[in-house]
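Protein sequences appear in the order of chains A and B.
Per this note's numbering: the first sequence = residues 2 to 259.
Per this note's numbering: the second sequence = residues 2 to 259.
These notes are about the structure you will find just below.
Protein chains: 2
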Amino acid sequence: MSQTVDRALSILPLLAEGPADLGTVAERLGVHKSTALRLLRTLHDHGFVYRQSDQRYRLGARLIALAQEAMENLDVREIAHPHLVRLNEQCGHTVHLAVYEEDEVLYIDKVESRYPVRMYSRIGKPVAITVAAVAKLLLADLPEHERRAVAEKLDYPLYTARSTPHAEAFLKELAKVGEQGWASDLGGHEESINCVAAPVRGADGRVVAAMSVSAPNVVVTADELLTLLPLVRRTADAISGEYSGRTPVQHHPAKDTR
Amino acid sequence: MSQTVDRALSILPLLAEGPADLGTVAERLGVHKSTALRLLRTLHDHGFVYRQSDQRYRLGARLIALAQEAMENLDVREIAHPHLVRLNEQCGHTVHLAVYEEDEVLYIDKVESRYPVRMYSRIGKPVAITVAAVAKLLLADLPEHERRAVAEKLDYPLYTARSTPHAEAFLKELAKVGEQGWASDLGGHEESINCVAAPVRGADGRVVAAMSVSAPNVVVTADELLTLLPLVRRTADAISGEYSGRTPVQHHPAKDTR
DNA sequence: AGGTGCGTTGCGTTGAACGCAACACTCATT
DNA sequence: AATGAGTGTTGCGTTCAACGCAACGCACCT
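Shown next as structure tokens:
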């Protein structure tokens, strides 16, 4: 909507690919060098962009700090965290919490597996939306038309032979997931990794987040992982209860409300 | 430099404080509602801002994802991480990695203590710059005039009785730290928490990052913590060697480079 | 000296961002 | 049902700020 801001913001994802010099930025934006310079300078003044010693620009520290605050403002995260930890203590596997936001699903919290073999993922990283169990739960809860719109807009990369191949199949899977109230991903993203996931719901019943337990085949088989489903669902329900205010939060009164 | 972009970017820290509605944003920016709306819309289109169900705006997911990429681009972090983990395995305490960037010091990596009593800190969070051991190391390496400029610009909050009280004292401490090549913070930030830190240097000898081990008094006394100094320095040196390319990196070839 | 490849500056032009005022909508209140 | 207060939204005419240009400075090469 606002040309100048639009251009300035477009610089950031561009720099996320790696440091770039003025000329490159100008070219990729399709603007004159002087224009790019002015934009970069304003970004710099705000700390969103950092000028490293070789004069090239890269993303700045303020961005990281801001994202941090953004996450701390997500109260689901705050509430869910102790539950995730407890779940991890009970089963030992990697536990994730994810939310959906405008065509993206991203992990907002993670408790690392206690087994030596760990899966790769990072808080803040967008999830493989077409296959991840948490993504299925979050998308399954969207209103019919929006869900369809998103599903058709997506790419369907074939990570493995069991990846969701196209919108058709995805929508069918979403319907099933919505129906049964939980989801799984058996080797759809990485051949040897399985997940089971359950939804966290707000007071109105809408899905506000989803949590999952993931483990590689070498640690537990898919069947064994599925036996954890009741536990995962109980945990998710506990978070839902607390989040929607039904459960009057029964831990230390020292807990502040920031 | 660029008014429009400047205004747009100013919205983000404002939203970091918590969700805000259009009116509030407009007021805090000192612009007309319609202007604020236009800016928010462009931010929204880029995913930097999210409109929650109650119509208020808060920081968006793209911001979190971007920050993630920003951190992954920091190659010190990538290199240092396994060393931090090993150090943590050896001593059990919380290990931090921090960098300096334009008047701020922030944690870019952390390995959690294995003791039940943990300290509060988060990756991405700006560090208490006037007292933290890592901050001292990073600032001590700045060129004389810049160091003085920064020191005088800072606030000196008295977290505890042992916090650095003013620029004078801080500069003196920095000189000492620069001299000895390591730093400590004995209860300067939180009464019962102590840290020891050592610098990571690039090929040119400049300090590019700093790492620290922190532990509360209840776990080890300050004296005991200081006995870890040689270990911390060795670890920092190992990272330095690898970062500056002196050590030809000798871990599993399976390690991917993502 | 000459040349090349950067980033930077000053400036005149123009169109994009501005504030305004009217409008639409949702809730309370009466 | 009508009124009003509080929102967010739209269209528009004015103006000022962002634009591209071209000239410049600077470092590095040869």
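Where is the CB? At the ideal position from N, CA and C, for every residue including glycine.
Per DSSP, what kind of secondary structure is residue i in: helix, strand or coil?
i	result
T95 of chain A	strand
Y244 of chain B	helix
K111 of chain A	strand
E18 of chain A	coil
H252 of chain B	Reliability fails at H252 of chain B, whose pLDDT of 42 lies under 50, so the model's placement of it is uncertain and no value is given.
R8 of chain A	helix
A216 of chain B	strand
I1 of chain B	Chain B is shown only over 2 to 259; residue 1 of chain B falls outside these bounds and no answer can be derived.
T258 of chain B	Any answer about T258 of chain B is weak, because its pLDDT of 34 lies below 50 and its placement is not dependable; what the coordinates show is given next. In the structure shown, T258 of chain B sits in coil (DSSP, three-state: anything other than H, G, I, E or B).
D186 of chain A	strand
L60 of chain A	strand
V233 of chain A	helix
E147 of chain A	helix
E102 of chain A	strand
V128 of chain A	coil
V50 of chain A	strand
A152 of chain A	helix
A210 of chain A	strand
R163 of chain A	coil
P117 of chain B	coil
V201 of chain A	strand
R123 of chain B	coil
T228 of chain A	coil
P266 of chain B	It is not possible to answer for residue 266 of chain B, since the shown part of chain B is limited to 2 through 259.
G31 of chain A	coil
N264 of chain B	Only positions 2 to 259 of chain B appear in this structure, which leaves residue 264 of chain B out of reach.
T222 of chain A	coil
By Cβ distance, which residues of its chain are closer than 7 Å to residue i, with the 5 residues on each side in sequence left out?
i	result
L138 of chain B	V178, A184, A198, P200, V208, A211
R57 of chain B	P20, A21, D22
V32 of chain B	R8
V230 of chain B	The identity of residue 230 of chain B in the sequence shown is Leu, whereas the question assumes Val. Around L230 of chain B: W183, V197.
P254 of chain A	Low per-residue confidence applies at P254 of chain A: pLDDT is 37, beneath 50, and the placement is therefore not dependable, though the value from the model is reported in the following sentence. Nothing listed; no residue qualifies.
Note down, in chain order, every chain A residue with its Cβ under 8 Å from the Cβ of residue i.
i	result
M212 of chain B	Within 8 Å Cβ-Cβ: nothing; M212 of chain B doesn't reach chain A, min ~17 Å.
V6 of chain B	T5, V6, A9, L40, T43, L44
Taking residue i as the query, report the chain A residues whose CB atoms sit under 9 Å from its CB, ordered along the chain.
i	result
V197 of chain B	In chain order: nothing, as chain A lies at least about 24 Å away.
R59 of chain B	A71, N74, L75
Quick one: which chain B residues come within Cβ less than 7 Å of residue i?
i	result
I65 of chain A	A68, A71, M72, L107, G125
L13 of chain A	L67
H1 of chain A	Residue 1 of chain A is absent from the structure shown; chain A starts at 2 and stops at 259.
Report back the beta-carbon spacing between residue i and residue j to the nearest angstrom; my notes put them in contact at under 8 Å.
i	j	result
A134 of chain B	S213 of chain B	5 Å
R63 of chain A	H47 of chain A	6 Å
S193 of chain B	V219 of chain B	7 Å
I65 of chain B	A66 of chain A	Not confirmed; about 12 Å, so no contact.
T43 of chain B	L10 of chain A	7 Å
R59 of chain B	L16 of chain B	6 Å
R39 of chain A	M2 of chain B	5 Å
Q91 of chain A	L232 of chain A	6 Å
A223 of chain A	N195 of chain A	5 Å
G61 of chain B	E102 of chain A	7 Å
V6 of chain A	V50 of chain B	Not a contact, Cβ separation roughly 11 Å.
Less than 6 Å between C-beta atoms, sequence neighbours within five positions excluded: which residues of the same chain meet that for residue i?
i	result
V106 of chain B	A99, V128, I130, A136, L139
A216 of chain A	H94, L226
V112 of chain A	L85, V86, N89, V96
A27 of chain B	K34, A37
A204 of chain A	S245
H190 of chain B	A129, V132, Y160
S241 of chain A	V201, R202
Name, please, each residue of chain A whose Cβ falls closer than 7 Å to the Cβ of residue i.
i	result
G19 of chain B	N74
E102 of chain B	Y51, G61, A62
H94 of chain B	Going along chain A, no residue has its Cβ under 7 Å from H94 of chain B, so there is no contact; the nearest lies around 18 Å.
Quick one: what's got a C-beta closer than 8 Å to residue i's C-beta in the same chain, skipping five residues either side?
i	result
L172 of chain A	R148, R149, A152
A176 of chain B	A141
G24 of chain A	K34
Taking 8 Å as the cut-off, does the segment 96-104 of chain A touch the segment 72-82 of chain A (at least 3 CB pairs, one atom from each stretch)? yes
For the structure I just gave you, are there three or more beta carbon pairs, one from the segment 162-173 of chain A and one from the segment 125-132 of chain A, closer than 8 Å? yes
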